[in-house]
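This report concerns only the one structure given below.
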Amino acid sequence: MRLRSLLFLFSALALLAQTPQPLRRGLVVSQERLASEAGAQVLREGGSAVDAAVATAFALAVVHPAAGNLGGGGFLLSRPTSGQASFIDFRETAPAVAHPRLWLKADGTYDEAKHHDSLASVGVPGTVAGLREAWKREGRLPWARLVSPAIRLAREGFVLTENQAASLAEQLPAFARHAPTLAQFSRKGAPLRAGDRLVQRDLVRTLVRLSKDWTDFYRGETARLVVRDMKANGGLITAADLRAYRPVRREPLRGTYRGYELLAAPPPSSGGQVLIEALNILEGYDLKATGPGSPAAVHLTAEALRRAFADRAQFIGDPGFNPDIPMARLLSKTYAAELRATIRPDRASASDPARFSWEPDRPHTTHLSVLDRDGNAVSLTYTLEESYGLRRIVPGAGFLLNNELGDFNAGPGLTDATGRIGTAPNLAQPGKRPLSSMCPVILVKDGAVFMVSGSPGGRTIPATVLNTVLNVVDFGMGVRAAVDAPRFHHQWLPDRIQVEASIPAATQEALKNLGHALKGVPKQGCAQVILVRAGQAEGAADTKRWPDSGVAVE
824 MRLRSLLFLF SALALLAQTP QPLRRGLVVS QERLASEAGA QVLREGGSAV
874 DAAVATAFAL AVVHPAAGNL GGGGFLLSRP TSGQASFIDF RETAPAVAHP
924 RLWLKADGTY DEAKHHDSLA SVGVPGTVAG LREAWKREGR LPWARLVSPA
974 IRLAREGFVL TENQAASLAE QLPAFARHAP TLAQFSRKGA PLRAGDRLVQ
1024 RDLVRTLVRL SKDWTDFYRG ETARLVVRDM KANGGLITAA DLRAYRPVRR
1074 EPLRGTYRGY ELLAAPPPSS GGQVLIEALN ILEGYDLKAT GPGSPAAVHL
1124 TAEALRRAFA DRAQFIGDPG FNPDIPMARL LSKTYAAELR ATIRPDRASA
1174 SDPARFSWEP DRPHTTHLSV LDRDGNAVSL TYTLEESYGL RRIVPGAGFL
1224 LNNELGDFNA GPGLTDATGR IGTAPNLAQP GKRPLSSMCP VILVKDGAVF
1274 MVSGSPGGRT IPATVLNTVL NVVDFGMGVR AAVDAPRFHH QWLPDRIQVE
1324 ASIPAATQEA LKNLGHALKG VPKQGCAQVI LVRAGQAEGA ADTKRWPDSG
1374 VAVE
């Protein structure tokens, strides 16, 4: 009898050890401290990780206008402790009049200004619908409660930091091309300064309407203001386009790396495909032995990224228009081994825009990570495309429009060595969602969330997220060191490694000797990361690359 009792006790203890235990605290990490605090307060009031993510995202639309938004779109990856992981695609869609040659002139040449800097580049925004969809599934607190911090920040204003004031001042010439935008983000045409309070009255009215009825964005007064602006200024979005918008629930991509389960973004984002494919290739190397930032580690990682990005260009696009994406093969360990066999440890490969085979031998987005004390996690990345999007607010509505259709390929057959891509999967079509590089990711170990990561940075996003994963899993770094470590990136075309200035000079010289071309940049991305060890969640905001980033604790 006693033996039976002991066996029962040991079984119970074993089961308890396998069951994810509550954490000591929840965390919100985002690119603005005020937004992180808005989300953390929601956690203190008993809100879920999704509640906190929604509140943080709405607050970012006020305090981080460079990328936080109502007029853009993105992706939300959620991993609840009970139930299945979910992925909400609230990427912008092309209006009904879109077509593959939309950004070509009559003579067939590419019109870059129309593609990136006109109302023709605006996609139907998905942020409001996407956040609402996430809340419907996993929210606990009232919708209006989650919008209320954003309303307060817009109505009462917030004091600009040095960083925020400098960011707005840099955009002043672009804002000056549109009187309502200049009025909202300047002092009668003069730059706002650190210490000034930014109040956004038109945005308050929009947020109040959305707090009462989110459909106002697509069918009500807010929609009317958007359509009026489009009609008056040659835009393409109609009332029917807004009414037709729907977020899409998709299955997250899944992979494994050195015993960790990976949950990542599926198409129309390429982030998960690039990340998992590159990690599969790198799993065959002992990166830990090479050391972080070593020539060998950077070379091998760049070569893995080169191949993953070539597959991105050849295969990835909106799955609603590309039903035959060979995702199972792209994410298979067997395919990774085939690609690994084409990498030479002593020599760089060459990227060729005319082929995708291998011989054997705009970046202003924002990300937030949330983990509540129950272990529910959210990784959310959303964007306006370029910094401040089109740099044009909707008159009377107070929010900035995206120029997200710039993520569609320029036109059929326009792939070249400069990095312009013209492959078929990502050409514009009515209702289609443009290819993205956003890469929200969650790592799971022994049934519990281990890491939440993501970053802005255009095509550099998967590499930035990859850097954070390698820093933790292979190089054993803590969360602060993993976020602060130097970063690098390769995207197939143009054929070069982008390196932060903090990459050691000796490493850069060794890479050149291997045949790599290098492009130096002061910074890459802005990762917001949460790491869980021994039941303790720790967050690191990327203050090195955006000083206003912040962690807020439940």
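Taking our numbering, the leading residue of the sequence shown gets 824, the next gets one more, and so forth. Even glycine gets a Cβ: it sits at the ideal position worked out from N, Cα and C. These numbers come from a predicted model, not from an experiment.
Shortest Cα-Cα distance from Asn-1225 to any of Ala-999, Ala-989 and Thr-950 involves Thr-950. Boundaries cannot be given for Thr-1366, as no alpha helix (DSSP H) includes it and DSSP labels it neither H nor E. In the structure shown, Phe-1273 falls within a strand segment according to DSSP collapsed to helix, strand and coil.
Lys-959 and Ala-876 have their C-alpha atoms spaced approximately 13 Å apart. Between Thr-1189 and Gly-862, the beta carbon gap of about 13 Å keeps them out of contact (Cβ cut-off 8 Å). Counting along the chain, the unbroken alpha helix (DSSP H) around Arg-955 starts and ends at 950 to 961.
For Glu-1126, there is no enclosing beta strand (DSSP E); the enclosing alpha helix (DSSP H) has its first and last residue at 1118 to 1138. For Ala-884, the uninterrupted alpha helix (DSSP H) run begins and ends at 872 to 886, by DSSP. Counting of Cβ neighbours within 10 angstroms places His-922 among the exposed residues, the total staying below 16. Take the alpha-carbon of Phe-981 and the one of His-1339: they are about 46 Å apart. In the same chain as Pro-1327, and ignoring 5 residues on each side of it, the C-beta atoms closer than 7 Å to its own belong to Gly-1116, in chain order.
Shortest Cα-Cα distance from Ala-1363 to any of Arg-847, Pro-845, Arg-848 and Ser-853 involves Ser-853. Around the beta carbon of Val-1097, a 10 Å sphere encloses 16 or more other beta carbons of the protein chains shown; the residue is thus reported as buried. Taking C-beta atoms as the reference points, Arg-1196 and Arg-914 fail to come closer than 7 Å.
One Cα belongs to Pro-1168, the other to His-1122, and the distance between them is close to 8 Å.
If one requires a minimum length of 4 residues, the alpha helix (DSSP H) runs lying completely within the segment 904 to 951 are 935 to 939, in chain order. Closest in C-alpha terms to Thr-1291, from the list Gly-1348, Asn-1056, Arg-1024 and Lys-1156, comes Gly-1348. Taking C-beta atoms as the reference points, Asp-1052 and Val-1217 count as a pair closer than 7 Å. Straight across, the Cα-Cα distance linking Gly-1043 with Pro-1142 is about 30 Å. Under the criterion of beta carbons closer than 8 Å, Leu-1026 and Ala-988 do not qualify as touching, at roughly 18 Å. Taking C-beta separations shorter than 6 Å and ignoring five residues to either side along the sequence, the partners of Phe-910 in its chain run Leu-900, Arg-1073 and Pro-1075, following chain order. Assignment of Ala-1305 by DSSP, reduced to helix, strand and coil, places it in the helix class. When Thr-1079, Leu-1213, Ala-882 and Arg-1368 are compared, the shortest CA-CA separation from Leu-1223 is found for Leu-1213. Gly-1114 sits in coil when the DSSP states are folded into three classes, being neither helix nor strand. By the beta-carbon neighbour count (other beta carbons within 10 angstroms, threshold 16), Val-851 is buried.
Taking each of Asp-1134, Ala-957, Arg-867 and Thr-932 in turn and checking the Cα distance to Pro-903, the smallest one comes out for Ala-957.
Pairing Thr-1287 with Ala-1350 gives a Cβ-Cβ distance under 7 Å. For Phe-998, the secondary structure class from DSSP, reduced to helix, strand or coil, is helix. Excluding five sequence positions before and after Ile-1148, the CB atoms of its chain that fall closer than 7 Å to its own CB belong to Pro-1090, Phe-1138, Ile-1139 and Pro-1142, given in chain order. Annotated three-state conformation of Phe-1040 is helix, per DSSP.
Cβ-Cβ separation between Lys-1111 and Phe-1298: approximately 6 Å, consistent with a contact (criterion under 8 Å).
Taken through DSSP and simplified to helix, strand or coil, Tyr-1158 comes out as helix. Nearest in C-alpha terms to Leu-1065, of all of Arg-1024, Arg-968 and Arg-1047, is Arg-1047. Secondary structure within the segment 1166 to 1241: the beta strand (DSSP E) runs of 3 or more consecutive residues, fully enclosed, are 1188 to 1194 and 1200 to 1206 (chain order). In the displayed model, Arg-1069 falls within coil according to three-state DSSP, outside both helix and strand. Beta-bridge partners assigned by DSSP to His-1312: Gln-1321.
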